[in-house]
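K.L.:
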């Protein structure tokens, strides 16, 4: 169905879609953003959610949704607001991808700078129903909010590793023999740096696999990969735009892929607080799943196969004969606390357990007191 931004706040450059499911009284209201340029999607790695689970209708109550017009620097899925207290800025971010990658990155910087110029000292980033998008936009947003420090330079995300089974090894061999003249394929070493954040000195040997055991299952992976986004396409500010203690990330729990990468690195590395609306009273919240790597679609990997002439390889899957979507997690992100294990296998409880209950009982005032002051 395409790339959707299910933000509860108004979005521009979009089409509203109402779905009435067969034999169901539930009506889903979602917004389809403008399509991503295929060339930009290939040049800038994307990490997006691919599933058929209905969108959650859990969201902030109306009294916490900005009623005022968005600021001038808002663009597409990134809308900026200044609340009536004149010190709290809101970035309503429906997705980490937009039609134009370059304009999107610029708008995030200029929007945050506009909030600062208008007097904002606190920031709420609302990522409700954010299904992910460009990985480097997640890195970029982290860097411009937090500023230049060891948690954002040279790596604002997580080191990663690529699944390196026999078919993947065949793809990299073809690329080393000249099978990617445009240098756009994901298995090309030119796209990556080593664990020291430097280009691979021996590109033909970069993919030498090692066998790792994850959850009791042995699998082959590439050597550790370092930063993939810096230097950025834009000039970052010389200092932080907001103090981490004055930043809160708000979600309804459906924050996937690049969204989870942004949220978790902001939280675990820089102490930014996260507030999840929903859940059960008395049940501790936690996150788990694929974090900081890259989940993509069947067509992405299929492009690698066809571009290198390996579609007839004995391990290559056939083309889909149905209108189907298949998600593939082909890259994993290493953890922050246990750096030799994937972050997605490390279940972490919510650090603050009383925010949700206090919010339900007392509403707006208590939520802002707990999270912003």
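Residue numbers (the numbering used here): 3 to 375. Where is the CB? At the ideal position from N, CA and C, for every residue including glycine. This structure is a prediction, so every number in the text was calculated from the model and none was measured.
#1: In its own chain, which residues sit with a C-beta less than 6 Å from the C-beta of residue 354, not counting the 5 before and 5 after it?
#2: Starting from residue 82, follow the alpha helix (DSSP H) in both directions and report where the run begins and ends.
#3: How far does the beta strand (DSSP E) with residue 333 in it extend, from its first residue to its last?
#4: Pick out whichever of 224, 194, 260 has its Cα sitting closest to the Cα of residue 233.
#5: Considering just the uninterrupted stretch of the alpha helix (DSSP H) at residue 112, what are its terminal residues?
#6: If you draw a straight line from the alpha carbon of residue 115 to that of residue 76, how long is it in whole angstroms?
#7: To test your reading of the DSSP string, which unbroken beta strand (DSSP E) runs of 3 or more residues are found completely within the stretch 201 to 272?
#8: Considering Cα atoms alone, identify which of 155, 241, 94, 309 is closest to residue 185.
#9: With burial defined as no fewer than 16 other Cβ atoms inside 10 Å of the residue's Cβ, what is the status of residue 91: buried or exposed?
#10: Beta-carbon separation of residue 250 and residue 89 under 9 Å?
#11: Determine the contact status of residue 242 and residue 225, defining contact as a CB-CB distance below 9 Å.
#12: State the DSSP-derived secondary structure class of residue 158, mapped to helix, strand or coil.
#13: Can you tell me which of 223, 231, 211 puts its alpha carbon nearest to the alpha carbon of residue 201?
#14: Locate the beta strand (DSSP E) running through residue 1, then write down its first and last residues.
#15: When DSSP labels each residue in this structure, what does residue 46 get in the three-state scheme?
#16: Between residue 217 and the rest of its own chain, which residues show a CB-CB distance below 6 Å, the 5 nearest in sequence each way excluded?
#17: CB-CB under 7 Å to residue 60, same chain, minus the five flanking residues each way: which ones, in chain order?
#18: Using only the heavy atoms of the ligand GDP, determine whether one of them is closer than 8 Å to the beta carbon of residue 106.
P.N.:
So, to answer that:
#1: Your numbering for residue 354 matches position 352 in the chain shown. Residue placement at residue 354 is poorly supported in this model, since its pLDDT is 47, which falls under 50; the coordinates still yield a value, given next. If we look at residue 354 and ignore the five residues flanking it on each side, it has no Cβ neighbours.
#2: Working through the chain shown from its first residue, we reach residue 82 at position 80. According to the DSSP assignment, residue 82 belongs to no alpha helix (DSSP H) but to the beta strand (DSSP E) extending over 80 to 84.
#3: In the chain shown, counting from the first residue as 1, residue 333 sits at position 331. Counted as a single uninterrupted DSSP element, the beta strand (DSSP E) harbouring residue 333 occupies residues 329 to 335.
#4: For the purposes of this step, residue 233 is taken as the residue at position 231 of the chain shown. Ranking the options by Cα distance to residue 233, first place goes to 194.
#5: Locating residue 112 in the chain shown gives position 110, where the first residue counts as 1. Looking at the DSSP string, the run of the alpha helix (DSSP H) that includes residue 112 is 103 to 119.
#6: Position 113 of the chain shown, counted from the first residue, corresponds to residue 115. Position 74 of the chain shown, counted from the first residue, corresponds to residue 76. So the two alpha carbons sit approximately 11 Å from each other.
#7: Given a length threshold of 3 residues, each whole run of the beta strand (DSSP E) inside the stretch 201 to 272 is given here in chain order: 212 to 216, 219 to 223, 249 to 253.
#8: Here residue 185 refers to the residue found at position 183 of the chain shown. That would be 309, whose Cα lies nearest to the Cα of residue 185.
#9: Within the chain shown, numbered from 1, the residue matching residue 91 stands at position 89. Burial call: buried.
#10: What you label residue 250 is simply residue 248 of the chain shown in a count that begins at 1. What you label residue 89 is simply residue 87 of the chain shown in a count that begins at 1. Result no, Cβ atoms of residue 250 and residue 89 do not sit closer than 9 Å.
#11: Here residue 242 corresponds to residue number 240 of the chain shown, with the count starting at 1. Here residue 225 corresponds to residue number 223 of the chain shown, with the count starting at 1. Their beta carbons are not under 9 Å apart, which means residue 242 does not touch residue 225 by this criterion.
#12: The count along the chain shown starts at 1 and reaches residue 158 at position 156. Under the three-state reduction of DSSP output, residue 158 falls in the coil class, being neither helix nor strand.
#13: On the chain shown, position 199 is the one that residue 201 refers to. Closest by alpha carbon: 231.
#14: The question about residue 1 has no answer, for the chain in this structure spans 3 to 375.
#15: Numbered from 1 along the chain shown, position 44 holds the residue referred to as residue 46. Of the three classes helix, strand and coil, the one that applies to residue 46 here is coil, per DSSP.
#16: Stepping through the chain shown from its first residue, residue 217 is reached at position 215. Short of 6 Å from the beta carbon of residue 217, and not among the five residues preceding or following it, lies no beta carbon of its own chain.
#17: As a position in the chain shown, residue 60 is number 58, starting the count at 1. Any reading at residue 60 needs caution, since the residue's pLDDT is 48, under 50, leaving its predicted position unreliable; the model's value is listed next. So the list reads 254, 279, 280, once near-sequence residues are dropped.
#18: The ligand GDP is not part of the structure shown, which contains no ligands of any sort.
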